[in-house]
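In our numbering, the protein residues as written are 12 to 553.
Don't be surprised by glycine CBs; every beta carbon is placed ideally from N, CA and C.
This report refers to the structure that appears directly beneath it.
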């Protein structure tokens, strides 16, 4: 009897393919909507040409009509018109990719928003048309293979590399726009908002997260009442009750009444310590104390903290802001940051040779002055060697601790599952080929994964639901879902461009075999043994 094999994942693949087709169609429709808005702008320009004195009235009328018809906020409609015009005039390649469904509205939004400094540099002549074309091509190539959140960080780095002076100036100007505001919500809640430099916001959230997780893991640190304090309270209450009983008995004997309209109490009832002046009160107190001591210590059960992590973080934020004194109120606050952020900065920036913006890994650019101040507060830095494509190939450290982990943190920057941006200090290193199955502990078999995505490939998961991963020679991770679909996650590149002018003095010419040092006065690779027991390219991570 013939048997037919049934693919258990056929339906899953069918649904996924259909969902992807629908998403692509949505992208195409949104691109079509943007084209219609751009065409409406052309009509507005024609109207303005006939009545130039009423340009603003014509524009407001157009925005009001689309806002009312589309049931959208005025600001959202104005932004949609602005994006449609920019997409039509300045971004032909992203517009074509958008119309083909390869990128979505979120990708387009990130490409357009990040281009602001480059638009300014282009208008004042400090950026060329070739640089603009390079930004458009590089941003689109990345956006077509990555999630919008990763695209945001990448395009910011692109702009910082192409227009560093403009980025630094805009950073400086944006500092004056810092603000704190409160907006009331329902149920007696409010939204506290603060616009601040990104490095401070990232450090603040990291510190709150670390404190909240510590509080959840160690609930015994969350109550200010110790067992001995509880025992003392119980002892005092019992003794006071015994003394009060003795005083009441004595009062009843003396007056023949327990309650009445006159003053029938021998002592002031509002001062409990005066009760001990009543005959027999001390004896009752001593008897109560002996019973408590004989019963032994009281065991206090601390309840489990059932609050969500966000709730704990919010309460910690209010505690810190309401109870802490504003130290260094006129300073930058950098010396008070005890959080983990990863910064990549060129040695020329640290030395003040140029004003190239640094990179706050996973988020975008960092003002050179801020990078230099952070460098002054840091106890150790990692030197990176980059190949011509921007990949991290080697690293050494001033303090030789966990060299391979430092290398992987510099290489991966975030979780290596496609689209995930969980920073590496919230992730854990994983053997791509399981250690139990003979996988070596080498950098070409290690990658950082967040807890959620690490669990996808855990051996305890049944095979029919388990994801698999393999690391390719270029350090890309190729993930395979249970249905058989593959997803590629390339390692994040550092944005680099080869300068066209002459190499400045004391820097490395590209014709030399050794890569340029990114820090000053570091030992050469051949001299490593004099400074460190184990070079990072030979160490293992246990």
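Would you say residue i and residue j are within 7 Å of each other, going by their C-beta atoms?
i: residue 59; j: residue 66; result: yes
i: residue 49; j: residue 117; result: no
i: residue 179; j: residue 378; result: yes
i: residue 327; j: residue 223; result: yes
i: residue 323; j: residue 226; result: yes
i: residue 89; j: residue 74; result: yes
i: residue 478; j: residue 502; result: no
i: residue 356; j: residue 382; result: yes
i: residue 494; j: residue 189; result: no
i: residue 500; j: residue 422; result: no
i: residue 468; j: residue 480; result: yes
i: residue 98; j: residue 21; result: no
i: residue 435; j: residue 420; result: yes
i: residue 202; j: residue 170; result: no
i: residue 155; j: residue 206; result: no
i: residue 441; j: residue 460; result: yes
i: residue 69; j: residue 55; result: yes
Tell me whether residue i sits in a helix, a strand or coil according to DSSP, three-state version.
i: residue 173; result: helix
i: residue 272; result: In this prediction, residue 272 scores a pLDDT of 42, lower than 50, which makes its location untrustworthy; the coordinate-derived value is nonetheless stated afterwards. Three-state DSSP puts residue 272 in coil, outside helix and strand.
i: residue 317; result: coil
i: residue 573; result: It is not possible to answer for residue 573, since the shown part of the chain is limited to 12 through 553.
i: residue 529; result: Only weak support exists for where residue 529 lies, its pLDDT of 34 falling under 50; the coordinates are left without a value.
i: residue 342; result: Caution applies to residue 342, whose pLDDT of 47 falls short of 50 and renders its modelled position unreliable; the model cannot decide the point.
i: residue 9; result: With the chain represented from 12 up to 553, any question about residue 9 goes unanswered, as that position is not in the structure.
i: residue 204; result: strand
i: residue 199; result: coil
i: residue 118; result: helix
i: residue 504; result: coil
i: residue 220; result: helix
i: residue 148; result: helix
i: residue 355; result: strand
i: residue 497; result: strand
i: residue 21; result: helix
i: residue 185; result: helix
i: residue 453; result: coil
i: residue 364; result: coil
i: residue 127; result: helix
i: residue 156; result: coil
i: residue 139; result: coil
i: residue 298; result: helix
i: residue 28; result: helix
i: residue 445; result: coil
In the DSSP assignment, what residue or residues form a beta bridge with residue i?
i: residue 481; result: 489
i: residue 192; result: 204
i: residue 459; result: 440
Assuming residue i contacts residue j under a Cβ cut-off of 8 Å, what Cβ separation, rounded to an integer in Å, is found between them?
i: residue 132; j: residue 174; result: 4 Å
i: residue 112; j: residue 43; result: The pair is not a contact, with the Cβ atoms about 11 Å apart (cut-off 8 Å).
i: residue 122; j: residue 150; result: 5 Å
i: residue 470; j: residue 445; result: 6 Å
i: residue 163; j: residue 125; result: 7 Å
i: residue 482; j: residue 455; result: 6 Å
i: residue 430; j: residue 161; result: 7 Å
i: residue 147; j: residue 105; result: 7 Å
i: residue 368; j: residue 359; result: The Cβ separation is near 12 Å, so there is no contact.
i: residue 465; j: residue 439; result: 6 Å
i: residue 27; j: residue 496; result: 7 Å
i: residue 204; j: residue 218; result: Contact doesn't hold; Cβ gap of about 19 Å is too wide.
i: residue 449; j: residue 443; result: So it is not a contact: roughly 12 Å between Cβ atoms.
Go through the region 413-441 residue by residue and report every complete run of the alpha helix (DSSP H) that reaches 4 residues or more, in order. For the region 413-441, the continuous alpha helix (DSSP H) assignments of 4+ residues that do not extend past its boundaries occur at 414-423, in sequence order.
- request: Write down every uninterrupted run of the alpha helix (DSSP H) in the region 40-114 whose length is 4 residues or greater and which is fully enclosed by it, in chain order.
  value: Secondary structure in the region 40-114: the alpha helix (DSSP H) runs of 4 residues or longer, each lying completely within the stretch, are 66-81, 85-101 and 103-110 in chain order.
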